[in-house]
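Start counting the sequence shown at 4; every next residue gets the next number (our numbering).
Below: one structure, written as structure tokens.
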Amino acid sequence: MDSYDSSHFNTFGLDQPLPSFQKLKGEREQLPVTRNLNDFWDEFTKNDVLIVSGGTGSGKTTQIPQFVAYKAQEMNIRGRIACTQPRRLAAVKVAERVAQEAGCELGAQVGFKIRDDHKISEETQLIYMTDGSMVAQAFNDRNFSEYHTVFIDEAHECNNNIYILMALVRRAVKARVNSRSKLKVIVMSATISVNKFVDYFKDDAQVAQIHMPGITHKVDLLYLGETPRHTSSQPHQQSDPEPNIGHIVEEACRIVAKIVRNQFPTGNILVFMPGVIEVEMACQRIRKSIGEVDVISLYSAQSGAAQNAIFRSSTERRQCIVSTNIAETSITIPDIVYVIDTGIEKVKRLMPRIGAFEVRPRPISKASANQRAGRCGRTRPGVCFRMYTEQDFERNLRDEPDVEIARDDVSAVYLKALAFGFAAATLPFIDLPPFENLAYANELLLDLGYINDQFQVTNAGKRAAQNPFEPNWTYAIDVAKVKYPHLAQHIVAIATICSSMHSIFAAAPARFMASSLASRAEFADPMSDLITELNALYAFETEEPKLPDDRELDQWCNRRFLNRLVMGKILLQRNSAVETMQIRFDEAPVALNSQDRENIRRILARTFFRNIAFRIPSSGGEVRYRTIHGNFEVIASQDSMLNTGGHPWVMYDTLNRARSNTYMTKVTHVEPEWIADLPFFQDDRMKKNYHGNIVQKRVKEALDKAREP
Ligand SMILES: Nc1ncnc2c1ncn2[C@@H]1O[C@H](COP(=O)(O)OP(=O)(O)OP(=O)(O)O)[C@@H](O)[C@H]1O
Ligand SMILES: [Mg+2]
4 MDSYDSSHFN
14 TFGLDQPLPS
24 FQKLKGEREQ
34 LPVTRNLNDF
44 WDEFTKNDVL
54 IVSGGTGSGK
64 TTQIPQFVAY
74 KAQEMNIRGR
84 IACTQPRRLA
94 AVKVAERVAQ
104 EAGCELGAQV
114 GFKIRDDHKI
124 SEETQLIYMT
134 DGSMVAQAFN
144 DRNFSEYHTV
154 FIDEAHECNN
164 NIYILMALVR
174 RAVKARVNSR
184 SKLKVIVMSA
194 TISVNKFVDY
204 FKDDAQVAQI
214 HMPGITHKVD
224 LLYLGETPRH
234 TSSQPHQQSD
244 PEPNIGHIVE
254 EACRIVAKIV
264 RNQFPTGNIL
274 VFMPGVIEVE
284 MACQRIRKSI
294 GEVDVISLYS
304 AQSGAAQNAI
314 FRSSTERRQC
324 IVSTNIAETS
334 ITIPDIVYVI
344 DTGIEKVKRL
354 MPRIGAFEVR
364 PRPISKASAN
374 QRAGRCGRTR
384 PGVCFRMYTE
394 QDFERNLRDE
404 PDVEIARDDV
414 SAVYLKALAF
424 GFAAATLPFI
434 DLPPFENLAY
444 ANELLLDLGY
454 INDQFQVTNA
464 GKRAAQNPFE
474 PNWTYAIDVA
484 KVKYPHLAQH
494 IVAIATICSS
504 MHSIFAAAPA
514 RFMASSLASR
524 AEFADPMSDL
534 ITELNALYAF
544 ETEEPKLPDD
554 RELDQWCNRR
564 FLNRLVMGKI
574 LLQRNSAVET
584 MQIRFDEAPV
594 ALNSQDRENI
604 RRILARTFFR
614 NIAFRIPSSG
624 GEVRYRTIHG
634 NFEVIASQDS
644 MLNTGGHPWV
654 MYDTLNRARS
664 NTYMTKVTHV
674 EPEWIADLPF
684 FQDDRMKKNY
694 HGNIVQKRVK
704 EALDKAREP
């Protein structure tokens, strides 16, 4: 501990650090990472890239960047330090904590930056930010010249932003290797496939790995016995059986009751559920049956204020926090002693042949299980209840989460890579997308004109890569800007609605489904679910200033099954997108007239031309459609206003595969005349059979008719 004695904890050399500095100093000195900072520094000075692993809660995220900041200050190194996080909540919370530890105001020496918000000033030396923000910065500064050190934290999450960031920093390290201001990169995680990362960097940089041993407090792992977790009666005979969610929620609630009622020592409880719906289900159940705890939900759609409630416990009562995997990495929630890990997560997957997405609950990875357990044992010893057997953990859980790039739509990350100057033939990702997914992205980007047939990015593609939306939404906005400028702001609003992870219509339990759908009649557009949602959003925007009383606004939303928080966030994001994309914005949009609405549908049809389906004759009551080219049978989702089948040609936002059906979400009626001129609908692109004849004859006839002068 020679070079990091307690006097050096005053990282930024403040004359008068805030009292929190003294208060937290003792705790920091006890952290395992603190004991190993000398070894870390040795490796740091000798290498360009360091891969750091260490136990959860050992102090990686909070201590190591601070230590580097202190050393940099001592050595007069110019520039800043960035430390990236996969989630916004973590970036903000960690920055708050580190500012307290350093004894400065948030936004002074220590700050944060996330999409739509930041607290940074001239003097900021250490910035916690989302990996997405860091990638966005690289468009203006490819070599990250503002920074002397970049930390990529929680690298095991392997999301698309982390992959592209790795590629960017690898290139920047090489570019700056002979300059006076070298770039150092630290890749950190509690559970990391070290070799994979070392291999990735070793040809371009001096790279080493370092493990920082030690744990903060003991965590007891309690595996629960075999429970009937699967809907299938013979779970092990299926390759990936569907977990029985209802049962899992029930079981988790029973464990909460056990902790509370069997007088387990005091301490708060954190329960991990697969998704928001299960979080709400569990919260309702616990509130109803276990009166002794304060129940709090935690997921990304919530407002910052709601999320802050968990960090500022105001009562003496035990808290039970029910969370999605937003709480899985990085954050320290005070006084968590019990973690209940259901062992399930929801994962989105692209099925490129159909162009459909599938969201399925499935078992988590070992890495995620360790992260979940690591949310306790941070400020005192903890207990983690794993709702699976030890054998399940050892034998059946994958080591690492499935990388996003291997399962999701890659068009956005692929376009970014090309826009950053990487070649399509040598994509710089640690793992490559499956060939089919890449082919899917290629075709889409080619159709949108964002790449050419040499797989080079076009100028339009370069601009699109920098936008906050997926490529096809950027395209829709561009079409509007050129042809119907006064409609661009509405397309931005629709794009924001569709890009949100959460629906503006609150999820209604089955028995309220009918009233929930009936309440949408007020906003209904019979031609487009997207315009229906737009109407609802605008109704909320108009109502909000008229109802300053929070409760009244809540009531207004509840009566209409509208999700107030989601709409609030969407409006903020819309405003920021309108600004960054320099869209003409009319503060008080006049009600859309019928021509405007038709033109909006036209823009959507000419953008999402790959998402068009036509009605097919079907027996029975159900109205069925087939996708063009894909020739895949689909139906409109239950909550679509257009599921009565009055429209022969429709366009959808996404296809979701659930059980044996494929559902079109957010359906819009379109006309063949609007799209018949596009290359996608010419004979040479139509699906042919073995003899070379067009399979979808009726589609061709309709298109030919539409093309007649
Ligand atoms: N907000 C907080 N309140 C109380 N203690 C905290 C807080 N944030 C951090 N700590 C303390 O600092 C320790 C180190 O936290 P840090 O986030 O740096 O660990 P880590 O090694 O990055 O963990 P992980 O692998 O889970 O990301 C925690 O174990 C906890 O004791
Ligand atoms: Mg961390």
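Every residue, glycine too, gets a C-beta built ideally from N, C-alpha and C.
If you draw a 10 Å sphere on the C-beta of ASP42, you find fewer than 16 other C-beta atoms in it, and that means exposed. For the pair ALA139 and LEU171, the CB atoms are not nearer than the 7 Å cut-off.
Distance from CYS387 to ALA370 at the Cβ level is roughly 15 Å; contact not present, criterion being Cβ atoms closer than 8 Å.
In chain order, the residues with a C-beta atom nearer than 6 Å to some heavy atom of ligand 2 are LYS63, THR64, ASP156 and SER333. Annotation for ILE367: GLY346, ILE347, GLU348 and LEU400 place their beta carbon closer than 7 Å to its own, counting only its chain and skipping 5 residues before and after. Beyond the five residues adjoining it in sequence on each side, ARG563 comes within less than 6 Å, by CB distance, of SER522 in the same chain, given in chain order.
Cβ-Cβ distances below 7 Å link ALA422 to VAL460, GLY464, LYS465 and ALA468 in the same chain, with the five nearest sequence neighbours on each side left out; the list follows chain order. The alpha-carbon of ASN561 is positioned some 49 Å away from that of PHE15.
Contact check between the stretch 71 to 88 and the stretch 202 to 212: fewer than three CB pairs, one atom from each, fall below 8 Å, which does not count as touching.
Residue state for LEU224 is assigned as strand, using DSSP reduced to three classes.
Taking C-alpha positions only, GLY623 is separated from ARG662 by approximately 20 Å. In the structure shown, GLN322 falls within a strand segment according to DSSP collapsed to helix, strand and coil. Beta-bridge pairing by DSSP links ASN271 to ILE339. For the pair PRO246 and PRO364, the CB atoms are nearer than the 7 Å cut-off. Put simply, of ASP528, ILE84, ILE165 and VAL495 the residue whose alpha carbon is nearest the alpha carbon of LEU129 is ILE84. Excluding five sequence positions before and after PHE425, the CB atoms of its chain that fall closer than 6 Å to its own CB belong to PRO431, given in chain order.
An exposed status is given to PRO548, since fewer than 16 other beta-carbon atoms sit within 10 Å of its beta-carbon. The alpha-carbon separation between ARG100 and VAL176 amounts to approximately 29 Å. With the rule of 3 Cβ pairs closer than 8 Å, the stretch 31 to 38 does not count as touching the stretch 186 to 196. Taking a contact as a CB-CB distance under 8 Å, the pair ILE494 and GLU536 does not count as one, their CB atoms being some 13 Å apart. Only exposed fits ASP686, as fewer than 16 other CB atoms lie within 10 angstroms of its CB. Taking 3 residues as the minimum length, the beta strand (DSSP E) runs contained wholly in the stretch 20 to 104 are 52 to 57 and 83 to 88, in order along the chain.
Residue side-chain check: ARG381 places its Cβ nearer than 6 Å to a non-hydrogen atom of ligand 1. Residues LEU448, VAL460 and GLY464 of the same chain have their beta carbon placed closer than 6 Å to that of ILE454, with the five preceding and five following residues left out of the count. Rounded to whole angstroms, the gap between the alpha carbons of GLY29 and VAL55 is 24 Å. Set against 6 Å, the gap from the CB of SER61 to the closest heavy atom of ligand 1 is smaller.
Secondary structure at CYS387: strand, using DSSP grouped into helix, strand and coil. For ARG91, the CB stays at least 6 Å from every heavy atom of ligand 1. Taking the C-beta atoms as reference points, THR668 is found no nearer than 7 Å to TYR478. Counting along the chain, GLY135 sits inside the alpha helix (DSSP H) bounded by residues 134 to 141.
For the 7 Å CB-CB criterion, ASP532 and VAL670 form a contact. Rounded to the nearest whole angstrom, the CA to CA distance from THR545 to SER640 is 29 Å. Per DSSP, reduced to three states, the secondary structure at ASN602 is helical. Within its own chain, the residues whose Cβ lies closer than 7 Å to the Cβ of ALA409, once the five positions on either side in sequence are excluded, are ASP434, PRO436 and PRO437, listed in chain order. In the structure shown, PHE526 falls within a helical segment according to DSSP collapsed to helix, strand and coil.
Assigned with DSSP and collapsed to three states, ASN659 falls in strand.
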